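Numbering (mature numbering (1 follows the signal peptide of the UniProt record, and there is no 0)), first residue to last: -22 to -1, 1 to 548.
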């Protein structure tokens, strides 16, 4: 339970040291409960997203190589219910179907990722280029463009080729910088005449921390206190190299943009009168979003990261900081390598100061921060245990980006909410509420002067949710994973999101409430279809299993009867 004082005052974050220069956003103002009716700027881009491993399936088809997630998910105990992404949504075979869903939503853009091992099975171009993989993405891109939908392509959404992990240690090895650049250059060469928006990495925080620190994600390494920092260091260098490759070799001809998608929760101090809590809240955001954004925009890691990790490294008897350093040449090379910033955001935490042990055995990314994360028990939490609906944190995070990084062009690349797998209800009223509130906070941020150009709902489909398997659902469209055909059904949130898109915002209270009512009404018929689907699946099972069994038994009985007749005749 949070201290009573945290709820008796306005929950404001006065980051005195770094945010005093903000002119347009009043950090002391509390309007958490207000709703702003208005429209987005003309040309604002609306979209939805997905990723290759989470939706494609076809994990070993048409020449695709193994990814670290193929291997990781096949190890018992790594994923809930030992589930895998082997078939997932079967998106590899449903390109036209899924593009029709995107068209039905009237989206301006669709964000998806290219599977590195589907194009380069070993991760190395000189070994082999899988042309069938190229053809798959050609087909997807062409279908999108035929339907006037802009592709936004992510080059790395966590599915590293397994060969590179086994041979080099993955992102622990500096050689990954060149291997990734080689893959990116192939994508620019083959798809760049049609793709104008490129994202190098999706949420590298998760790649570094959950892949190389906690081991919750592939490749499952637990290199506490060093693994995450080393992986992030190489990812930042790889991003910069890819940006420079595009800038020098492709930009003049293709006229596209290259950015990165960084995820960040907002951190609000528990006690706004306590300077240590205020500093801890800033530290939370800097160790999360700033870890990657600050080098890309300013050339080096946040000073607070260098100070805290350096101090703890000294206390642990280490000669150098566990946080790697950039050379002056590297700082100059990395700085400014971002044509637009993708921002992924889902939730918020209350933050308070907490002094963690400084022993070498206890060193970790989390203990380096010297803080504790808290939640308000009144915050809604419909699905993922980590995801609470706290809309006002979104506006604050966007204003933080504006203030810290010179108001860059922003595309919101991930924002959405989950529910538990056991829920088969298509009338997802809680998701409607989440989208309504979060999109409205984004609109407020734009009115504050934040340069947001587009929004991507996460996600288009229910899909494989990493270590959670299929136990959580983020999709606008429900996917029936029990059925081998993986049919899609629109949830109520599809209708509501379509209304926001067609109106380019929120016209007035009466109309928005009417959208919600109609969306919930229209999902009832879809619910009936979904309810009938298990029966259909059951009948398919009867056809596929029972009928062949009966036929086999009939043949056996006939043979026995024939043998009986022959014996009697003899």
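Cβ coordinates follow ideal geometry from the N, Cα and C atoms, glycine included. Here the structure is a predicted model, which means the values were calculated and not measured.
For residue i, the three-state DSSP class (helix, strand or coil)
{"i": "residue 396", "result": "coil"}
{"i": "residue 381", "result": "helix"}
{"i": "residue 69", "result": "helix"}
{"i": "residue 188", "result": "helix"}
{"i": "residue 333", "result": "coil"}
{"i": "residue 172", "result": "coil"}
{"i": "residue 438", "result": "coil"}
{"i": "residue 309", "result": "helix"}
{"i": "residue 429", "result": "coil"}
{"i": "residue 291", "result": "helix"}
{"i": "residue 475", "result": "helix"}
{"i": "residue 514", "result": "The predicted position of residue 514 is uncertain, since its pLDDT is 44 and thus under 50; a value taken from the coordinates is nonetheless stated next. If DSSP states are grouped into helix, strand and coil, residue 514 belongs with the helices."}
{"i": "residue 303", "result": "coil"}
{"i": "residue 369", "result": "coil"}
{"i": "residue 418", "result": "helix"}
{"i": "residue 14", "result": "coil"}
{"i": "residue 20", "result": "coil"}
{"i": "residue 460", "result": "coil"}
{"i": "residue 347", "result": "coil"}
{"i": "residue 340", "result": "helix"}
{"i": "residue 180", "result": "strand"}
{"i": "residue 409", "result": "helix"}
{"i": "residue 259", "result": "helix"}
{"i": "residue 358", "result": "coil"}
{"i": "residue 223", "result": "helix"}
{"i": "residue 26", "result": "strand"}
{"i": "residue 202", "result": "coil"}
{"i": "residue 450", "result": "strand"}
{"i": "residue 465", "result": "coil"}
{"i": "residue 45", "result": "strand"}
{"i": "residue 564", "result": "The shown model of the chain, from -22 to 548, leaves out residue 564, and the question about it has no answer."}
{"i": "residue 95", "result": "helix"}
{"i": "residue 363", "result": "coil"}
{"i": "residue 251", "result": "coil"}
{"i": "residue 213", "result": "helix"}
Beta carbon of residue i nearer than 9 Å to that of residue j
{"i": "residue 209", "j": "residue 190", "result": "yes"}
{"i": "residue 23", "j": "residue 87", "result": "yes"}
{"i": "residue 164", "j": "residue 122", "result": "no"}
{"i": "residue 178", "j": "residue 237", "result": "yes"}
{"i": "residue 371", "j": "residue 243", "result": "yes"}
{"i": "residue 32", "j": "residue 63", "result": "yes"}
{"i": "residue 428", "j": "residue 454", "result": "no"}
{"i": "residue 149", "j": "residue 240", "result": "no"}
{"i": "residue 265", "j": "residue 146", "result": "no"}
{"i": "residue 58", "j": "residue 392", "result": "no"}
{"i": "residue 25", "j": "residue 434", "result": "yes"}
{"i": "residue 215", "j": "residue 152", "result": "yes"}
{"i": "residue 425", "j": "residue 16", "result": "yes"}
{"i": "residue 324", "j": "residue 245", "result": "no"}
Rounded distance between the beta-carbons of residue j and residue i, thought under 8 Å
{"i": "residue 176", "j": "residue 235", "result": "7 Å"}
{"i": "residue 327", "j": "residue 351", "result": "4 Å"}
{"i": "residue 452", "j": "residue 396", "result": "5 Å"}
Spatial distance of residue i from residue j (CA atoms)
{"i": "residue 467", "j": "residue 283", "result": "45 Å"}
{"i": "residue 127", "j": "residue 84", "result": "9 Å"}
{"i": "residue 200", "j": "residue 194", "result": "9 Å"}
{"i": "residue 340", "j": "residue 192", "result": "13 Å"}
{"i": "residue 250", "j": "residue 329", "result": "10 Å"}
{"i": "residue 502", "j": "residue 212", "result": "50 Å"}
{"i": "residue 261", "j": "residue 158", "result": "30 Å"}
{"i": "residue 375", "j": "residue 440", "result": "27 Å"}
{"i": "residue 306", "j": "residue 40", "result": "45 Å"}
{"i": "residue 285", "j": "residue 168", "result": "44 Å"}
{"i": "residue -22", "j": "residue 356", "result": "Bear in mind that a pLDDT of 36 at residue -22, under 50, signals an unreliable position, so the number given afterwards is only what the model happens to contain. Their backbone Cα atoms lie some 11 Å apart in a straight line."}
{"i": "residue 415", "j": "residue 259", "result": "23 Å"}
{"i": "residue 458", "j": "residue 403", "result": "12 Å"}
{"i": "residue 82", "j": "residue 61", "result": "30 Å"}
{"i": "residue 43", "j": "residue 197", "result": "16 Å"}
{"i": "residue 346", "j": "residue 188", "result": "16 Å"}
{"i": "residue 141", "j": "residue 349", "result": "38 Å"}
{"i": "residue 112", "j": "residue 318", "result": "26 Å"}
{"i": "residue 181", "j": "residue 320", "result": "9 Å"}
{"i": "residue -3", "j": "residue 442", "result": "Unreliable positioning characterises residue -3 in this predicted model, as indicated by a pLDDT of 40, which lies under 50. The coordinate reading is nonetheless provided below. One C-alpha to the other measures close to 42 Å."}
{"i": "residue 143", "j": "residue 463", "result": "33 Å"}
{"i": "residue 277", "j": "residue 71", "result": "43 Å"}
{"i": "residue 332", "j": "residue 362", "result": "25 Å"}
{"i": "residue 489", "j": "residue 51", "result": "46 Å"}
**Inter-stretch contact at 8 Å, needing at least 3 Cβ pairs: the stretch 257 to 274 / the stretch 364 to 383** = yes
**Asked** Any chance the stretch 89 to 105 sits against the stretch 129 to 141, with 3 or more Cβ pairs inside 8 Å?
**Response** yes
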